Amino acid sequence: MIPILLVFFIVASWPFWAYALTDADILHWIPLSLEIRNHFNFLSMNQVDQSHGPLFAWGSGLFSKLFPLSFYGVAFFNILMAVLGVGLVYYFSSHWWKNSKVALVSGMILSTTLAWVYLARTPMYDLTAAVGYLAFVGFYIQYILEKKKRYFFIALLGIVIGCLTRFSIVLGLAGFFVILVHIIYRRSLGLLVRDGLILLFLGTIVNVPWLISQVQLHGISFWEVFLADNLLRFVREPGMGVLPRHDYYGFILYSIVGMLPHSFALIAVMFQPSFWRQVRHDKRVQVLLAASIPCLILFSVSGHVKLARYIAYLFPFFAMLLGQFVVIAPIDAKKWTSSIRGWGWGMVAFVSLILLILSIQFSRQASEGSIMVLGLATMLLVQLGLLLWGGAQATDGYGKKTMTWLYSLSMAYLLFFSLLTWASFHVSFLTEIRVPIQLMLDQSIKY
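Residue numbers 274 to 720, in the numbering used here, belong to the letters of the sequence shown in order.
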């Protein structure tokens with residue numbers, strides 16, 4: 274496990290000294306993080322920031338104290354949470370399947386999955402909430418399987434982390450999960466009601482001090498933003514003239530892209546008869562689906578603006594789903610090879626088409642950042658090639674080449690992030706993000 278965590282930490286941190294922050298939404302929370310860093314003022318934020326929850330800003334501000342004020346310093350808490358997510362996937366896979374190879378493969382898959390790497394390097398609320406939800410799911414199942422109360426209390430800590438970061442999303446997903454788990458394990462209605470009430474009470478009460486402080490600071494405007502962010506935004510994006518989004522397939526496509534370069538293997542799994550036998554008879558596989566599929570369905574049918582990071586909660590469970598299957602499931606070698614080849618080449622074509630469409634849709638940016646775009650395309654296609662031609666066709670490919678793929682896929686990420694760092698100083702749509710963030714940091718240094 275340690276090599277996987279170390280390699281992923283390097284990938285998520287590279288190149289440390291000139292770290293690139295590439296999402297304009299980062300500008301929303303950095304002032305809050307600096308408030309914590311400079312004044313340790315945990316309950317009175319200096320702006321509303323969409324009422325997501327305070328924990329991410331708290332963590333970012335506190336951990337940034339470990340470094341001179343820098344892009345990497347404010348991103349460090351998010352990176353640690355991403356590393357923790359990989360560690361939890363390893364831990365839960367090892368305990369549920371009692372198989373170190375399953376744990377190793379699952380950890381490798383998550384640590385090299387495009388969505389998790391992207392989330393690790395793009396500090397926003399969603400990854401911290403996803404790790405809290407992952408901790409809740411894993412330790413709640415440990416509690417059910419082993420009947421040890423300490424696991425239940427650790428699961429509740431996961432709920433606290435999630436609800437202090439993305440209140441309604443984590444609480445809602447946890448509620449659906451608890452209901453499905455009680456069906457899977459045929460637990461009593463009384464236990465369902467008890468656990469549901471505990472989750473609802475705890476997830477709400479931990480936010481009360483922060484909520485009260487925000488009302489005192491911002492007045493009724495806070496409640497309006499809080500309700501919009503935690504309830505109304507799942508029907509439609511707030512704002513005059515903004516229409517609900519009905520592209521129900523959007524998050525399915527994001528899931529496929531997010532699981533790159535392992536997408537084609539995960540899709541191939543779904544066409545294996547042994548997978549559906551697992552779904553029918555293996556409660557552990559049912560748990561992974563119960564923890565992930567409701568999120569995909571709920572966001573897909575919502576009218577919310579489609580942003581890939583909203584489904585951050587899926588990817589740890591998809592990684593475990595693929596990891597356990599390729600290691601322990603009985604696979605028909607001929608069918609597997611045929612399916613892998615077909616879906617693998619299909620994924621190469623799909624990625625090429627997506628890159629072409631985006632280059633046309635954002636032609637100005639693509640033209641200006643042509644070197645970066647070329648680097649991204651090369652990285653994705655090389656990674657797909659490594660898996661497709663490097664052994665995924667074999668039924669034991671993931672098990673035999675786990676560490677080789679970890680190092681190879683990670684090296685491709687490192688090369689691209691070196692290029693991205695250079696581009697963040699020279700490409701206008703990236704410097705437009707870097708410059709105001711740097712200005713905020715420069716103005717804050719005096720504290």
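Cβ atoms here follow ideal geometry from the backbone N, Cα and C, with glycine treated the same way.
Note that the coordinates shown come from a computational prediction; the quantities given were computed from them, not determined experimentally.
Contact between Phe524 and Ser573 holds, since their C-beta atoms are separated by about 5 Å, short of 8 Å. Look at Trp290 here: in three-state DSSP terms it is coil, with no helix or strand label. By the Cβ-count criterion, Gly670 is buried, with 16 or more other Cβ atoms from all chains shown falling within 10 Å of its own Cβ.
Burial is judged here by how many other beta carbons sit within 10 angstroms of a residue's own beta carbon; Ala393 has at least 16 and is buried.
For Lys374, the secondary structure class from DSSP, reduced to helix, strand or coil, is helix. A residue is called buried once 16 or more other Cβ atoms fall within 10 Å of its Cβ, and Leu587 is buried on that count. For Leu278, the CB contacts under 7 Å within the same chain, skipping 5 residues up- and downstream, are Val356, Val359, Gly360 in chain order. 9 Å or more divides the Cβ of Trp618 from the Cβ of Gln545. In terms of CA proximity to Ile432, Gly405 leads the group Gly405, Ala602, Ser461. For Gln551, the three-state secondary structure derived from DSSP is helix.
Bounds of the alpha helix (DSSP H) holding Ile414 are 398-419. For a cut-off of 8 Å, the C-beta gap from Ala402 to Val443 is around 5 Å, short enough to register as a contact. Rounded to the nearest whole angstrom, the CA to CA distance from Met645 to Gln487 is 41 Å.
Restricting attention to Phe289, Lys556, Ile275, Pro276, the CA atom closest to the CA of Leu687 is found in Phe289.
Counting the other Cβ atoms within 10 Å of the Cβ of Ser683 gives 16 or more, which makes it buried.
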